[in-house]
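Numbering follows numbering that gives the first Met the number 0, in which position 213 of the sequence shown is assigned residue number 212; successive positions increment by one, without gaps.
Backbone N, C-alpha and C fix where the C-beta goes; we use that ideal spot for every residue, glycine too.
All values reported here derive from a predicted model rather than from experimental measurement.
Right, one structure below, let's go through it.
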Amino acid sequence: MQERQYDVFVIGGGPAGYTAALYCARAGLHVAVIEKMAPGGQMSTTERVDNYPGFPEGVEGFSLAMEMQKQAERFGAESIFDEVNSVELEGPEKKIHASQGEYTAKAVIVATGASPRELGVSGERELRGKGVSYCATCDGAFFRGKETVVVGGGDTAAADAVFLAKLCKKVTLIHRRDKLRASMAYAKPLREAGNVEFAWDSVVEEIEQQGGLVSGVKIRNVKTGEIRQISCEGIFIAVGNLPNTSLFPDSIKTQGGYLDAGEDTRTKIAGVFAAGDVRRKPLRQVVTAAADGAVASYMAEEYLQTGLA
């Protein structure tokens with residue numbers, strides 16, 4: 000069992016976590032990032048990131064994640080690939096209990112991100128990986144030349160529909176309202192795709208199957224109550240995310256489960272900071288996560304120097 004002590008311990012290896020580690024390491028702090036699997040978080044499942052400054056032609060999400068990791072490690076940050084099971088955050092010494100060891104730190108930066116929200120309908124869980132997906136860029140290639148549906152109305156849903164339109168025979172975008180919430184930047188590519196149809200004012204009632212694989216969806220019009228069936232072999236669900244905060248006390252969470260931390264990233268527990276998609280904020284993007292990481296590292300350094308939360 001590994002046991003190490005750090006000045007700052009970062010939980011989560013996405014853009015917020017590795018930016019925080021980079022800034023901490025450059026400030027001369029002994030810092031580690033713990034990540035359950037590969038670096039990058041949700042960013043690593045994105046085929047191309049087009050809105051991160053400095054990449055005029057865009058950049059593949061996983062490649063950007065690896066570069067962030069290498070940059071932080073160049074200045075001395077450590078990467079630990081392990082699963083955190085529990086934390087003790089009160090008091091001057093923070094304890095992180097993981098599968099392969101226990102770690103202690105004077106300050107903790109939580110950058111655990113968020114996970115896809117489920118629809119909660121019949122057939123969803125049993126068909127996950129059998130036609131039900133939450134990541135178009137991860138699984139879209141499996142549905143080349145086939146008919147698929149996307150559920151949602153935000154930027155992720157619109158981006159998924161545009162991406163899938165390049166691969167699939169037909170894409171139906173299902174949204175509970177009569178217009179998308181997505182950025183206007185997606186309007187033109189959706190309109191020009193040619194094989195994207197819309198099911199407005201509709202919600203999925205059931206995911207149908209045949210032979211253990213997705214065969215279609217039943218949808219209900221929320222205004223008329225009409226039920227109709229759409230044949231498809233894949234359903235991509237993009238209806239938001241849930242913060243990964245089950246490890247942390249309710250005292251530092253909002254009603255929605257996000258960590259209650261403002262622009263200074265400080266939580267109600269002294270020496271504990273929240274960065275990235277895990278904290279309450281109006282916009283969740285790679286660039287805002289990286290910004291949070293920089294702020295959190297600054298606040299952690301100030302805490303270590305002054306002892307002030």
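When rounded, the separation of the alpha-carbon atoms in Gly57 and Thr18 is 19 Å. For Ile268, the secondary structure class from DSSP, reduced to helix, strand or coil, is coil. At a cut-off of 3 residues, the continuous stretches assigned as beta strand (DSSP E) that sit fully inside the region 134-208 are 146-150, 169-173 and 195-198. About 5 Å separates the beta carbons of Val148 and Thr171, which is inside the 8 Å limit, making them a contact pair. Just so you know, the alpha carbons of Gln209 and Arg124 end up roughly 15 Å apart. Sorting Leu166, Gly215 and Ser182 by C-alpha distance to the C-alpha of Gly193 places Leu166 at the top. The straight-line gap separating the alpha-carbon atoms of Ala198 and Pro14 is approximately 35 Å.
Counted as a single uninterrupted DSSP element, the stretch harbouring Phe235 is not any alpha helix (DSSP H) but the beta strand (DSSP E) occupying residues Gly233 to Ile236. Judged by DSSP secondary structure, Tyr17 falls within the alpha helix (DSSP H) whose first and last residues are Pro14 to Arg25.
When DSSP states are grouped into helix, strand and coil, Ala76 belongs to the coil group.
In the three-state reduction of the DSSP assignment, Tyr102 falls in the strand class.
Its Cα nearest to that of Thr244, the residue Ser85 stands out among Glu46, Glu205, Ile229 and Ser85. For the pair Glu77 and Ala31, the Cα-to-Cα distance works out to about 4 Å. Selection Gly292, Gly151, Leu303 and Gly239 evaluated against Val109 yields Gly292 as nearest (Cα-Cα).
In the DSSP assignment, no residue is bridged to Gly53.
Assigned with DSSP and collapsed to three states, Asp6 falls in strand.
Here DSSP, grouped into helix, strand and coil, assigns Val286 to helix.
Burial check for Ser250: the Cβ neighbour count within 10 Å stays below 16, so the residue is exposed. Of the candidates Lys187, Leu118 and Ala106, the residue whose Cα lies closest to the Cα of Thr264 is Ala106. Proximity to Glu34 across Ala26, Ser43, Tyr51 and Ala237 peaks at Ser43, based on C-alpha coordinates.
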